[in-house]
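Position in the sequence shown (first residue = 1) + 529 = the numbering used here.
Cβ atoms here follow ideal geometry from the backbone N, Cα and C, with glycine treated the same way.
Structure, as structure tokens:
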Amino acid sequence: MNSAMGVRCAAGILAAAMVLTGCREKEAPAAPAAPPVKVVPATEGYMFESASSIASIKANDEVNLVARVEGFLVKRLFEEGKPVRKGQLLYEIEPQIYEAKVKAAEADLEKAKANLTNADIEYERQKTLVGQDATSKRAFDNAAANKQEADAEVKSAEANLALARQNLSYTKIYSPFDGQIGLNTYSVGNLVDQNSGTLATVVKVDPVRVEFVITEFELIKLLKLRKGAEAPKVRVRLFLQDGSEYSEPGEIAYWSNRVNTNTGTFQLQAVFPNPKRQLMAGMFVRVNIGPADPHKSLLIPLVALMSDQAGDYVYVVEPDGRVARRDLELGYRDSRNIIVKSGLKAGERVIVEGIQKVRPGSPALPETDPALAAQIPLTAEAALKLDTPKAVSQDVPSPLGNTLAPVGEAIEEDDAGAAPSGPGAAK
């Protein structure tokens, strides 16, 4: 009997063990740990929607000095390449022959005036006599004609004197404005005349003119800033070859009256003060043009952006720690950030690193990326500082061609500047 009871107990224990083993096999596997991701809150910040273009510096004025009368050069009164002042005497052509012509013209004028005086006296006398029937009508008519002829001779002599004086003045060549003079092409002692060509060139170096183009798309944005018929109020900034910003502010001096249909670009000219002579004609520079003041917008780092057939989107971490997709309508972008027009709210945590580790609905452990968060400018001053291109490339195209960088791009993009096309391209 005891043996039978032992068998039954053993069978019961075995059955219980089998039940427990089956229960353990049906238990669900443990949930995977939530992967860490880097996030940046969508932030209300400032951005300059500026266009950036290669530009060339032109002299605001340029004059070729030429001889207007024939003669030997007797003086050169400047140093090549040095500044000159308006009205400064630069060249002198031998004046003696022209001084003599002035004296001769003055004498001819005096003679003509004397003849006119005699003709006036004779005319008045004949006029009195003809009224008394004491002279013939023919004599009176001759006196009147002689008076007119003498008057014409005076006018001719006056014109000849003016011409002689003008030619004498041409023996001295002056600077037409403040500027810088170039190389001299004729030495003292050379015979020059109207066919001798340029003696030297004077260029106005303060201010200078900068020529550049923007795309039609950027033009439309600028024209939206216009108030009435006035030109839009814009900010024009200039950057030198080494990437440094030129200190003097510029202003638009010329808006073209049409878009170039071949290139889709619009030509502008800006004027910049140049008191320290830091800018030279022929230099290539980078020009930024945009609204005078930035506007506040919702910004996210460009590296967070992804795209598929449905459009542009980002991943965000919800308050419950789950990942969600946000489809976006986007605006202007620079090399760091992009404006979000709709689809996202301020403060939402946008994933900027670790995107490939998550999918919508999965958990994530968010950690703020301080470096990327700091790149969102919270003030207009910070936005202006960030709106700065890098050094101008030495290999520069024509300033009148389609030289504008793609909309929203800086001169060069750093590693953080390219937007991923999908989650696999993100960090």
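Paired residues, beta bridge with residue i - DSSP
i, result
"residue 602", "622"
"residue 835", "842"
"residue 565", "894"
"residue 593", "730"
"residue 572", "828"
"residue 882", "567"
"residue 783", "798"
"residue 701", "621"
"residue 612", "709"
"residue 659", "Note: residue 659 sits in no beta bridge, so no partner."
Check whether residue i and residue j have beta carbons under 7 Å apart
i, j, result
"residue 865", "residue 838", "no"
"residue 737", "residue 795", "no"
"residue 851", "residue 843", "no"
"residue 781", "residue 767", "no"
"residue 696", "residue 627", "yes"
"residue 734", "residue 708", "yes"
"residue 732", "residue 584", "no"
"residue 832", "residue 567", "no"
"residue 777", "residue 587", "no"
"residue 569", "residue 887", "no"
"residue 631", "residue 693", "yes"
"residue 576", "residue 911", "no"
"residue 907", "residue 574", "yes"
"residue 810", "residue 779", "no"
"residue 571", "residue 894", "no"
"residue 683", "residue 648", "no"
"residue 645", "residue 596", "no"
"residue 763", "residue 821", "yes"
"residue 578", "residue 783", "no"
"residue 624", "residue 700", "yes"
"residue 957", "residue 703", "The shown model of the chain, from 530 to 956, leaves out residue 957, and the question about it has no answer."
"residue 789", "residue 581", "no"
"residue 730", "residue 593", "yes"
Residue range of the beta strand (DSSP E) that includes residue i
i, result
"residue 789", "Looking at the DSSP string, residue 789 is not in any beta strand (DSSP E), and its letter there is neither H nor E."
"residue 580", "580-588"
"residue 778", "Premise fails: residue 778 is in no beta strand (DSSP E) and is neither H nor E."
"residue 854", "852-856"
"residue 762", "Element bounds for residue 762: n/a, residue is neither H nor E."
"residue 708", "708-710"
"residue 866", "866-871"
Burial state of residue i, where buried means 16 or more other Cβ atoms lie within 10 Å
i, result
"residue 618", "exposed"
"residue 746", "exposed"
"residue 922", "Residue placement at residue 922 is flagged as unreliable, the pLDDT there being 45, under the threshold of 50; a coordinate-derived value is accordingly withheld."
"residue 927", "Low local confidence applies: a pLDDT of 40 at residue 927 is under 50, so the model's placement there is unreliable, with the coordinate-based value given in what follows. Label assigned to residue 927: exposed."
"residue 685", "exposed"
"residue 614", "exposed"
"residue 935", "At residue 935 the pLDDT is 33, less than 50, meaning the model places this residue with poor confidence and gives no usable figure here."
"residue 752", "exposed"
"residue 804", "exposed"
"residue 791", "exposed"
"residue 639", "exposed"
"residue 890", "exposed"
"residue 877", "buried"
"residue 823", "buried"
"residue 884", "buried"
"residue 897", "exposed"
"residue 676", "buried"
"residue 749", "exposed"
First and last residue of the uninterrupted alpha helix (DSSP H) at residue i
i, result
"residue 773", "Here residue 773 belongs to no alpha helix (DSSP H), and DSSP marks it neither H nor E."
"residue 817", "Here residue 817 belongs to no alpha helix (DSSP H); instead the beta strand (DSSP E) covers 813-820."
"residue 666", "666-698"
"residue 750", "745-752"
"residue 899", "899-903"
Chain C within 7 Å of residue i, Cβ atoms only
i, result
"residue 791", "Among the chains in the structure shown there is no chain C, since it carries only a single protein chain."
Problem set entry | Stretch pair the stretch 868-882 + the stretch 816-828: three plus CB contacts closer than 8 Å | yes
For this session: Give a yes or no on contact between the stretch 722-731 and the stretch 631-647, applying the rule of three or more CB pairs nearer than 8 Å.
Result: no
Exercise. Okay, do the stretch 663-676 and the stretch 599-612 touch, 3+ Cβ pairs below 8 Å being the bar?
Worked result: The stretch 663-676, when compared against the stretch 599-612, does not touch it at the 8 Å Cβ threshold.
Exercise. Using 8 Å as the Cβ pair cut-off and three pairs as the minimum, do the stretch 638-654 and the stretch 699-714 touch?
Worked result: no
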